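Residue numbers (the working numbering), protein chains in the order written: chain V, 3 to 302; chain L, 3 to 246. Note that CB positions come from ideal geometry on N, CA and C, so glycine has one too. Source: prediction; values computed, not measured. Accompanying notes for the structure given below.
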Amino acid sequence: MMVAGLWVATKKIDYTWRWNRVPQYFVYHDETQIPAPFDGHVATLSKLGDKMRIKVISDDGEEAVFEVDSNAIEVSENDTLFEGDYLGATFEWRAGPLLVGLWNTLWISAVASIFGMIIGLVTGLCRVSNNPTLRSLSITYIELIRGTPLLVQLFIFYFFLGTVLDISRIMAGISALAIFAGAYVAEIIRAGIQSIPKGQMEAARSLGMNIPQAMIHIILPQAFKRTLPPLAGQFISLIKDSSLVSIIAITDLTKSGREVITSTFATFEIWFVVAFLYLLLTSVLSQVAAWVERRLAVSD
Amino acid sequence: MIKTVDLKKTFIGRGQTVHAVDGISAHIKPSEVVVIIGPSGSGKSTYLRCLNGLETLTSGQIIIDGVDLTAKKTDLNLVRREVGMVFQQFNLFPHKSVLQNIVLAQQVVRKRKNKEAEGKARMLLQKVGIAEKENEYPIRLSGGQQQRVAIARALAMDPKIMLFDEPTSALDPEMVGEVLEVMKQLAREGMTMVVVTHEMGFAREVADRVLFMDQGKLVEEGTPEHFFTTPQEERTKAFLRQVL
Ligand SMILES: Nc1ncnc2c1ncn2[C@@H]1O[C@H](COP(=O)(O)OP(=O)(O)OP(=O)(O)O)[C@@H](O)[C@H]1O
Ligand SMILES: [Mg+2]
């Protein structure tokens, strides 16, 4: 249905699909041609797996050895060479911009998630602590972050903090994402901690545990189990929100997509592919979360 | 062993002040089993919770085994190791197996080696009669079994005093006996115990002394004999008429 609808729609605007152009932006076969370094001749050719080793000797008796792909060799033994003649070529698979962008999005999200988790955990603990200063500090942070758009935060991190503290654009982007996620994680953690019955803390304390010990061994493991679904949702959001870092010129998946479009004009195809790649990342994450949840369910 | 002097605990909240514990002085000797009874809301739980520092006092003094709980420099965590507590709602750790429930605090607080802690845990599970459940999670145990695990968990810290806050009130009637049996055994071994309960049979049989509380005050105290046969105070008589 949907596919048919799309087909009809694009027919109407006379769009030519060029899906065949897409794969080369994932990986491509990069050809490097190898030129002769001097005037001389080919001394020997020897086979080395699917490579060919070429030994060339210059008119002055200088020797040099090269390796090229056997099926891309352009000389034979005893050929006379002039400087710059092609001996052959080697081929290598290289990651195209879409794959590079995917990788950047992946690691940027991962690093931001880890720091976001740490920031959120600390803030969440401050939020439920008895210390009024820590509590109001954490509330201020949470309100500030949740009350302003991520895009604006990114600009502030990049233009203001980036300049003042002299941090790179990638650092600015990751910090903004981590601090943004941290505020939401903090609220999730707080709700998780408060959902654990008071008796758990009391039982732990009555056994002589201090508050940090009770938190680490009793409260947080139970809270973590309950907060796993909302935490997973938060990190899935983070992957999607990370597309905003393209606005400060970080080459993530979204920015790579835009760059590829300027050279292929395959606008529709590339955006569909980019969407699919985000979907791939987020669904893998939610599968992992579901798996962890099942593992933790043994005590239910 | 335990001495409280004019203990007061006042809750202030939503415009009303509750004098939950209103000046209780008592002296509990080593190996003594003291049962506290009284109507609902009379401050029994609050008094008990003050004894291991789960509630902070409004005024008064508590001295446990020579340590003044109210002194600023007293580390309550050190006191709590010596004072075990068993709750009405068991409060087992649901994410830990039965064995781990008993092992955890031994390792974290008493810094015992895993082997030693597990050995102790198995010995105590044997003692409370559920050795075969060590790998179960609490949710799969009956209430009576859970409460016995909770007792074993508290005993694993080698406490000098055990506090029980209505340990059988959340249990189905047929499971009350098995928990009381464990408590009787403990009393016979000479454990110092303070027990809040509505089980008059237990009070009569096991208690060395019965305290009757009402509205935060200690109304009457005495041996079970005195208490159940010749109570002096009108409020005590009224309460006993209701429960017996
Ligand atoms: N955390 C609290 N905040 C405010 N009021 C409290 C708190 N805990 C107890 N109270 C009040 O203190 C009084 C004594 O409560 P407590 O739980 O000690 O009574 P109890 O004798 O144990 O009663 P029960 O037999 O129902 O357990 C009650 O009026 C109760 O409402
Ligand atoms: Mg009570």
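Under 7 angstroms by beta carbon: chain L residues contacting residue i
i, result
"residue 212 of chain V", "79"
Residues near residue i by beta carbon distance below 7 angstroms, same chain, minus five either side
i, result
"residue 216 of chain V", "203, 206, 207"
"residue 66 of chain V", "39, 58"
"residue 238 of chain L", "214, 221, 222"
"residue 69 of chain L", "76, 81"
"residue 273 of chain V", "259"
"residue 226 of chain L", "205, 206, 209, 212"
"residue 234 of chain V", "287, 288, 291"
Residue i to residue j span [Cα, whole Å]
i, j, result
"residue 178 of chain V", "residue 196 of chain V", "28 angstroms"
"residue 149 of chain L", "residue 169 of chain L", "7 angstroms"
"residue 75 of chain V", "residue 35 of chain V", "10 angstroms"
"residue 121 of chain V", "residue 183 of chain V", "9 angstroms"
"residue 114 of chain V", "residue 229 of chain V", "19 angstroms"
"residue 214 of chain L", "residue 7 of chain L", "17 angstroms"
"residue 286 of chain V", "residue 277 of chain V", "14 angstroms"
"residue 90 of chain L", "residue 148 of chain V", "41 angstroms"
"residue 31 of chain V", "residue 15 of chain V", "34 angstroms"
"residue 237 of chain V", "residue 293 of chain V", "16 angstroms"
"residue 54 of chain V", "residue 70 of chain V", "5 angstroms"
"residue 235 of chain L", "residue 46 of chain L", "18 angstroms"
"residue 27 of chain L", "residue 5 of chain L", "7 angstroms"
"residue 71 of chain L", "residue 59 of chain L", "10 angstroms"
"residue 265 of chain V", "residue 68 of chain V", "34 angstroms"
"residue 161 of chain L", "residue 113 of chain L", "15 angstroms"
"residue 16 of chain L", "residue 137 of chain V", "22 angstroms"
"residue 51 of chain L", "residue 57 of chain L", "6 angstroms"
"residue 88 of chain V", "residue 297 of chain V", "60 angstroms"
"residue 30 of chain L", "residue 191 of chain L", "17 angstroms"
"residue 254 of chain V", "residue 167 of chain V", "23 angstroms"
"residue 156 of chain V", "residue 243 of chain V", "11 angstroms"
Same chain, Cβ closer than 8 angstroms to residue i, neighbours up to 5 away in sequence not counted
i, result
"residue 93 of chain L", "152"
"residue 127 of chain L", "100, 101, 104, 133, 135, 136, 151, 154"
Neighbouring residues, chain L, relative to residue i (Cβ below 9 angstroms)
i, result
"residue 227 of chain V", "97"
"residue 121 of chain V", "Those within 9 angstroms of residue 121 of chain V in chain L number zero; the least Cβ separation is about 25 angstroms."
"residue 220 of chain V", "95, 97, 98, 106"
Residue environment, residue i, which counts as buried when at least 16 other CB atoms sit within 10 Å
i, result
"residue 216 of chain L", "buried"
"residue 32 of chain L", "exposed"
"residue 96 of chain V", "exposed"
"residue 4 of chain V", "exposed"
"residue 210 of chain V", "buried"
"residue 97 of chain L", "buried"
"residue 83 of chain L", "buried"
"residue 146 of chain L", "buried"
"residue 131 of chain V", "exposed"
"residue 18 of chain L", "exposed"
"residue 289 of chain V", "exposed"
"residue 95 of chain L", "buried"
"residue 24 of chain L", "buried"
"residue 13 of chain V", "exposed"
"residue 34 of chain L", "buried"
"residue 1 of chain L", "The requested residue 1 of chain L is not part of the displayed model; chain L covers only 3 to 246."
"residue 141 of chain L", "exposed"
Beta-carbon proximity list for residue i, same chain, < 6 angstroms, skipping 5 on both sides
i, result
"residue 78 of chain L", "55"
"residue 28 of chain V", "98, 100, 101"
"residue 20 of chain L", "13"
"residue 268 of chain V", "20, 23"
"residue 194 of chain V", "225, 228, 229"
"residue 62 of chain L", "7, 8, 9, 10"
"residue 145 of chain V", "none"
"residue 79 of chain V", "44, 47"
Residues that residue i contacts on chain V, provided the C-beta gap is smaller than 8 angstroms
i, result
"residue 13 of chain L", "The premise fails here: residue 13 of chain L is roughly 15 angstroms from chain V at the closest Cβ pair, so nothing lies under 8 angstroms."
"residue 56 of chain L", "204, 207, 208"
Proximal chain L residues relative to residue i, where beta-carbon distance stays under 8 angstroms
i, result
"residue 360 of chain V", "There is no way to answer for residue 360 of chain V, as the model of chain V reaches only from 3 to 302."
"residue 223 of chain V", "97"
"residue 111 of chain V", "None at all; the shortest Cβ gap to chain L is about 29 angstroms."
Chain-ordered chain V contacts of residue i [CB-CB under 7 angstroms]
i, result
"residue 91 of chain L", "201"
"residue 30 of chain L", "What residue 30 of chain L touches in chain V: nothing, since even the nearest Cβ is about 18 angstroms away."
"residue 159 of chain L", "209, 210"
"residue 87 of chain L", "208"
Cross-chain neighbours of residue i in chain V, by beta carbon under 9 angstroms
i, result
"residue 82 of chain L", "207, 208, 209, 210, 211"
"residue 141 of chain L", "301, 302"
Ligand 4 heavy atom lying under 6 angstroms from the CB of residue i
i, result
"residue 47 of chain L", "As presented, the structure is devoid of ligand 4, carrying ligand 1 and ligand 2 as its sole ligands."
| query | Of all the residues that make up the stretch 101-132 of chain L, which are near chain V by a beta-carbon distance shorter than 7 angstroms? | reply | Answer in chain order: 106, 107, 110, 111.
| task | Compile a chain-ordered list of the residues in the stretch 167-198 of chain L whose CB is closer than 8 angstroms to at least one CB of chain V. | result | Under the 8 angstroms Cβ criterion, the stretch 167-198 of chain L contributes no residue.
| task | Can you give me, in chain order, the residues of the stretch 268-287 of chain V that have a beta carbon less than 9 angstroms from any beta carbon in chain L? | result | Here the close residues number zero.
| field | Contact residues within the stretch 158-170 of chain V, judged by C-beta distance below 9 angstroms to chain L | value | If the cut-off is 9 angstroms between Cβ atoms, the stretch 158-170 of chain V has nothing near chain L.
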